[in-house]
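So the structure is just underneath, and the comments pick up after that.
Chains as they are written, first to last, in our numbering: chain B, 1 to 407; chain L, 1001 to 1290.
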């Protein structure tokens, strides 16, 4: 046999072997396809973030099927609209489990909806790896079927801010602050964290007040902040309420050395809605494309190619929850809920949100929160300087402090 | 003195917010007054108009108030289609039917807005966005002031139209007693359509003022329907000046509450006021009884 024939023979043998392995692996999961199902807010007040979970899930399914599925088994996605309504979410997840008989559950968005959905999963002994809710009460109910890729709990949201304050010379540190918060599950937890950390770092809270999620005017709240005249204005809330408060701060000409608004500034719409008002506002995000984790930059590029817009943290959180499923299924070579659950609990995962292990209650054991600041129309990572897991430098800049009195 | 300033600031702020409320609620009141139809799609159409203003501003830099030139006709067109297809066939039927139909239409519009403009929050940001005017010790937000002035102009125009013009008088007559108006030779069907268009036309103003002050997204209409219905009931159904009064009372009450008590109580005030009004003056604070 000449060299050429020998080469062909080797290729042929290789291809047959590969085909055999693929078919054996396909059979080993015992199914034609692996079905992932979930409901996210596509309409209703939570829909603007819900839409990014949908994009994250769809992109992942497309990519996995492009490389031949998981262990040679293609992946299918069933996604419903929970209408931003916990009751609707509950009935959708009941249907996913009992009628659609999906193999694995995907996460809805926002703590207030993840909490009841987690209970549904628990009722049917169905695993929920979620990236949509990080409020502590979700993990305090002895639920053995939930894991979260949001690598933080609510009280860690202000960790970066207070840690950074300690790096300032004592005479430059903010001594007083006001705390206002959206009256909802996650923001209440965030406010609890601010209280604890403020007390520990000697920052006196001059105001500690909740506001309604449907607040139609922030002037009274901002009048109270103005009267308190704090060094730092701290707000635990979301985008819409943050926009209203930030604009009112400008209108009422209230300046402080720090304006930290938790979940508002990380949002991609923050800068476009607020324009100059966004300048120097600080906030806390779960993820930015500049993090030094496996696949982070590639995901950002892939997302941009598909959707022609910049990625932000919600997409990565959704993606990471599916990475956990894939890595566990590949290792266990089974779709058995209990085996996969036990595997997830006892192993570590290499995710776009960082190398992650899960604690007994399902929360990740690491924190990858980043503080960002808007500077001249751009969202820039300002703290920490090195990530907390791999201790590698993160692309970023120094915090502009004190915040220039721009109004 | 400081207390007086705080009270003054709260009252002025409340009145300005009341202007936004009035712009959102006045059309609902007219439509309900004439046809006994609760237009739950009202805030959804307002949002649609806010998106039109947004597009005109983002693409051509047209001031949101000027873009009423486009958004009012758009609202009228939507109103005409709605009236023909959804409202007229069920006029006089059980109120639940029109309520369900219009709720369905609101959801349809939300879907259209999601498709066209996505769920990302938007806002109207003309040069006076987030700027303010200092009047002695009181600070006036420029966008709220603009919203207030536009609302007042529209409500005043409506009041003159309803009070002085022949069609306006026919609308009021139909509001008071449909049967009697019919017997006096008023074409109540035509009056209904005019009133419906008038009501829906005002949503363009409501949407524009809303977009000037808030970040808006397609589902926001769900948060407004309860509040504007509350204003209509507070002020007295079918009364234009009543809506203005109801909106001002609600705005000032919320503002004073949030200033002197925990801010979360402000929302409660709307519903306490509503319950008290229904209990003491069922026809509304400014409505005629009997």
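All C-beta atoms in this analysis are idealised placements derived from N, C-alpha and C, irrespective of residue type, glycine included.
Note that the coordinates shown come from a computational prediction; the quantities given were computed from them, not determined experimentally.
Measure the alpha-carbon distance for residue 165 of chain B versus residue 229 of chain B and round it to whole angstroms.
-> Numbered from its first residue, the first chain carries residue 165 of chain B at position 165. Numbered from its first residue, the first chain carries residue 229 of chain B at position 229. Computed Cα separation, rounded: 19 Å.
Expected contact under 8 Å - CB spacing of residue 73 of chain B and residue 136 of chain B to nearest Å = As a working mapping, residue 73 of chain B is identified with position 73 in the first chain. As a working mapping, residue 136 of chain B is identified with position 136 in the first chain. Actually they are not in contact, since the Cβ atoms of residue 73 of chain B and residue 136 of chain B sit about 36 Å apart, beyond 8 Å.
From residue 139 of chain B to residue 363 of chain B, what does the alpha carbon distance come to, in whole angstroms?
-> Stepping through the first chain from its first residue, residue 139 of chain B is reached at position 139. Stepping through the first chain from its first residue, residue 363 of chain B is reached at position 363. Going from the Cα of residue 139 of chain B to the Cα of residue 363 of chain B covers about 7 Å.
In the DSSP assignment, what residue or residues form a beta bridge with residue 1071 of chain L?
-> Taking the second chain and counting its residues from 1, one reaches residue 1071 of chain L at position 71. None, per the DSSP bridge assignment.
Taking the alpha helix (DSSP H) that residue 1152 of chain L falls in, what are its first and last residues?
-> Position 152 of the second chain holds residue 1152 of chain L. Here the alpha helix (DSSP H) through residue 1152 of chain L covers 1142–1164.
Cβ-Cβ distance between residue 234 of chain B and residue 158 of chain B below 9 Å | On the first chain, residue 234 of chain B is found 234 positions in, with the first residue counted as 1. On the first chain, residue 158 of chain B is found 158 positions in, with the first residue counted as 1. Contact: yes.
Interface residues of the stretch 217–248 of chain B facing chain L [CB-CB below 7 Å] = Along the stretch 217–248 of chain B, the positions whose C-beta sits under 7 Å from a C-beta of chain L are 217, 219, 220, 221, 223, 239, 240, 243, 244, 247, read in chain order.
Leaving out the 5 sequence neighbours to the left and right, which residues in its chain are closer than 6 Å to residue 1191 of chain L when beta-carbon positions are compared?
-> Within the second chain, residue 1191 of chain L is the residue found at index 191, counting from 1. Cβ within range, chain order: 1170, 1171, 1174.
Whose C-beta lies closer than 7 Å to the C-beta of residue 1142 of chain L among residues of the same chain, with five residues either side of it excluded?
-> Here the question's residue 1142 of chain L lines up with position 142 in the second chain. Cβ neighbours of residue 1142 of chain L beyond the five flanking positions: 1128, 1131, 1132, 1133.
How about residue 1053 of chain L: is its C-beta nearer than 9 Å to some C-beta of chain B?
-> The residue you call residue 1053 of chain L lines up with position 53 of the second chain. No, its Cβ sits nowhere closer than 9 Å to a Cβ of chain B.
Confirm, please, whether the CB-CB distance from residue 379 of chain B to residue 270 of chain B is below 9 Å.
-> The residue given as residue 270 of chain B occupies position 270 in the first chain. The residue given as residue 379 of chain B occupies position 379 in the first chain. Yes, they are a contact pair.
Assigned exposure category for residue 385 of chain B - 16 Cβ within 10 Å defines buried = Here the question's residue 385 of chain B lines up with position 385 in the first chain. Burial call: exposed.
Give me the Cα-Cα distance between residue 1158 of chain L and residue 1232 of chain L, rounded to the nearest whole angstrom.
-> Here residue 1158 of chain L refers to the residue found at position 158 when the second chain is read from its first residue. Here residue 1232 of chain L refers to the residue found at position 232 when the second chain is read from its first residue. Using only the alpha carbons, I get a separation of about 16 Å.
Would you tell me roughly how many angstroms separate the C-alpha atoms of residue 1086 of chain L and residue 262 of chain B, rounded to the nearest one?
-> For the purposes of this step, residue 1086 of chain L is identified with residue 86 of the second chain, where counting begins at 1. For the purposes of this step, residue 262 of chain B is identified with residue 262 of the first chain, where counting begins at 1. About 44 Å.
What does a CB cutoff of less than 7 Å around residue 114 of chain B pick up in its chain, not counting 5 residues either side in sequence?
-> Residue 114 of chain B sits at position 114 when you count from the first residue of the first chain. Hits under 7 Å: 107, 108, 130, 132, 133, 138.
Could you name the residues of chain L that residue 183 of chain B contacts, counting a contact when the two beta carbons are closer than 7 Å?
-> To locate residue 183 of chain B, count along the first chain from 1; it is residue 183. Correct list: 1264.
Closest Cβ-Cβ distance between residue 273 of chain B and chain L: below 9 Å?
-> Stepping through the first chain from its first residue, residue 273 of chain B is reached at position 273. At least one chain L Cβ lies under 9 Å of residue 273 of chain B.
What does residue 1217 of chain L reach in chain B if we use C-beta pairs closer than 8 Å?
-> Translated into the one-based positions of the second chain, residue 1217 of chain L becomes position 217. Those are 45, 47, 48, 240, listed as they occur along chain B.
What did DSSP end up calling residue 168 of chain B once you bin it into helix, strand or coil?
-> As a working mapping, residue 168 of chain B is identified with position 168 in the first chain. It is coil, neither helix nor strand.
Could you check which residue in L:1284, L:1168, L:1045 has the C-alpha nearest to that of residue 974 of chain L?
-> Past the edges of chain L, shown from 1001 to 1290, lies residue 974 of chain L, and the structure says nothing about it.
Could you give the residue range of the beta strand (DSSP E) that holds residue 190 of chain B?
-> Counting from 1 along the first chain, the entry for residue 190 of chain B is found at position 190. Segment 185–200 is the alpha helix (DSSP H) holding residue 190 of chain B; no beta strand (DSSP E) there.
If we ignore side chains and look at the alpha-carbon of each, how far apart do residue 43 of chain B and residue 104 of chain B end up?
-> The residue you call residue 43 of chain B lines up with position 43 of the first chain. The residue you call residue 104 of chain B lines up with position 104 of the first chain. If I take the Cα positions, the gap works out to 23 Å.
For the alpha helix (DSSP H) that residue 1021 of chain L lies in, which residues bound it at each end?
-> Start at 1 with the first residue of the second chain, and residue 1021 of chain L comes out as number 21. Start and end: 1002–1035.
Three or more beta-carbon pairs under 8 Å between the stretch 1263–1283 of chain L and the stretch 1037–1044 of chain L, yes or no?
-> no
Kindly say whether residue 84 of chain B, judged by its beta-carbon, lies nearer than 9 Å to any beta-carbon of chain L.
-> In the first chain, residue 84 of chain B corresponds to position 84, counting from 1. Judged by the 9 Å Cβ criterion, residue 84 of chain B is in contact with chain L.
State the DSSP-derived secondary structure class of residue 1279 of chain L, mapped to helix, strand or coil.
-> Locating residue 1279 of chain L in the second chain gives position 279, counting from the first residue. Looking at residue 1279 of chain L - three-state DSSP - the assignment turns out to be helix.
CB-CB under 6 Å to residue 178 of chain B, same chain, minus the five flanking residues each way: which ones, in chain order?
-> The sequence position of residue 178 of chain B within the first chain is 178, counting from 1. Only 206, 207, 225, 228, 230, 233 meet the Cβ criterion.
Counting contacts by CB-CB distance shorter than 9 Å, is residue 92 of chain B in contact with chain L?
-> Taking the first chain and counting its residues from 1, one reaches residue 92 of chain B at position 92. Not an interface residue.
Express the C-alpha separation of residue 204 of chain B and residue 176 of chain B in angstroms, rounding to a whole number.
-> Counting from one through the first chain, the residue named residue 176 of chain B turns up at place 176. Counting from one through the first chain, the residue named residue 204 of chain B turns up at place 204. Rounded to the nearest angstrom, the two C-alpha atoms are 5 Å apart.
According to the neighbour-count rule (16 or more other Cβ atoms, all chains shown, within 10 Å of its Cβ), is residue 83 of chain B buried or exposed?
-> As a working note, residue 83 of chain B is residue 83 in the first chain. That one is buried.
Through-space distance from residue 267 of chain B to residue 343 of chain B, alpha-carbon basis | Translated into positions along the first chain, residue 343 of chain B becomes position 343. Translated into positions along the first chain, residue 267 of chain B becomes position 267. If I take the Cα positions, the gap works out to 34 Å.
Does residue 35 of chain B come within less than 9 Å of chain L when only Cβ atoms are used?
-> Position 35 of the first chain, counted from the start, is the residue given in the question as residue 35 of chain B. Chain L, which has no Cβ nearer than 9 Å to the Cβ of residue 35 of chain B, makes this no.
Look at the alpha carbon of residue 1177 of chain L and the alpha carbon of residue 1036 of chain L, and state the distance between them as a whole number of angstroms.
-> Residue mapping note: residue 1177 of chain L aligns to position 177 of the second chain, counting from 1. Residue mapping note: residue 1036 of chain L aligns to position 36 of the second chain, counting from 1. Using only the alpha carbons, I get a separation of about 12 Å.
Starting from the C-beta of residue 144 of chain B, find all residues in its chain whose C-beta is less than 6 Å away, skip the five residues before and the five after it, and write them out in chain order.
-> As a first step, residue 144 of chain B must be located in the first chain, where it is residue number 144. None.
Under 9 Å, do residue 1156 of chain L and residue 1034 of chain L count as touching if we go by C-beta distance?
-> Sequence index remark: in the second chain, residue 1156 of chain L carries index 156 (1-based). Sequence index remark: in the second chain, residue 1034 of chain L carries index 34 (1-based). The answer is no: Cβ separation not under 9 Å.
How would you call residue 1026 of chain L, buried or exposed, if buried means at least 16 neighbouring beta carbons within 10 angstroms?
-> Within the second chain, numbered from 1, the residue matching residue 1026 of chain L stands at position 26. Residue 1026 of chain L comes out buried.
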